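Structure record follows, encoded as structure tokens.
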Amino acid sequence: MSLGGKVAVVTGAAKGIGKAIAEIFLQNGAKVVLLDVDEPTGKRLKNGLDQQFGEERSLFMKCSVESDEDIKAALQSTIDTFGSINILCNNAGILREGDWEKTISINLGGVIRMTYAALEHMNKLSGGQGGVVVNTSSVAGLDPLPSCPAYSATKHGVVAFTRAMAAASRASEYGIRFNVVCPVRVQTDISSPQFLKTLDSSPTCLVPCRNLQSELWIHLRSLSASSTW
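Going by the UniProt record's numbering, the sequence shown wraps up at 229, each residue one higher than the last.
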């Protein structure tokens, strides 16, 4: 799939699924804005991508999805640098049951904050070009995990938010499609031993474990015009 001329914003882009999404977008011709709170790792990633794809193809900014100010500044820098936003991938997330308020703030609140802010630039009713929003949920957003109730709640929320936004976009003609991806099990930095043990004992793991490359193609396929809620 060619993404030439498209501008993609990816949250949680410094490592894991977010990093891999950014790389596959670049491989398919897009320009990519990498957002993450981990500035050292993000800058190292940016340097590596510069060598592979050229400095003009990507931009890294330290950004917390808990901060309205960070989000606003990051999106404005995207417009100033690349001129538009065509794709938003809300991927930032944590698995921290002991700090459930932060888990909710990042996993669900971050998706909502970033989406609403991006709509100001993407919405055709506001002069934007339209585009696609792809949210990363989890298998826990479809079948809750007993040992991760707060995490499961946030991922259910991401699914519901995506469906509601898709309906709102159709009704109001935003020109934006909304999709959500629910990975079954992907080994990344977020995957604690407790989480993986829970998955191994859960009925959801009757579904074969997908590797990261499989999940990336699901993200890429979700950008096609035929894919939407």
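Ideal Cβ positions, reconstructed from N, Cα and C, are used throughout, including at glycine. Since the model is a prediction, treat every value here as computed from it, not as a measurement.
Notebook entry, point to check: Taking all protein chains shown into account, do 16 or more other C-beta atoms lie within 10 angstroms of the C-beta of glutamate 56, making it buried, or fewer, making it exposed?
Noted result: exposed
Note to self: Tell me the rounded alpha-carbon separation between isoleucine 94 and proline 144.
What the structure shows: 16 Å
Checklist line | Cut-off 6 Å between Cβ atoms - residues of its own chain near asparagine 135, not counting five sequence neighbours on either side | finding: Asn90, Val111, Val158, Thr162, Val180
Check: Opposite methionine 61 in the DSSP bridges: which residues?
Finding: Its beta-bridge partners are Leu35.
Checklist line | Per DSSP, cross-strand counterpart(s) of arginine 177 | finding: For arginine 177, the beta-bridge partners assigned by DSSP are Val132.
Note to self: Measuring alpha carbon to alpha carbon, tell me which residue in Met165, Ala20, Gly54 is nearest arginine 113.
What the structure shows: Met165
Next item on the list: State the start and end residues of the unbroken beta strand (DSSP E) segment that holds lysine 117.
Entry: Correcting the residue identity first, residue 117 is alanine in this sequence and not lysine. Counting along the chain, alanine 117 falls outside any beta strand (DSSP E), though it belongs to the alpha helix (DSSP H) covering 110-122.
Notebook entry, point to check: Do isoleucine 79 and alanine 118 have their CB atoms nearer than 7 Å?
Noted result: Note that the C-beta distance between isoleucine 79 and alanine 118 is not below 7 Å.
Checklist line | Supposed contact pair alanine 30 and valine 7 - C-beta distance, whole angstroms, cut 8 Å | finding: Confirmed, about 7 Å.
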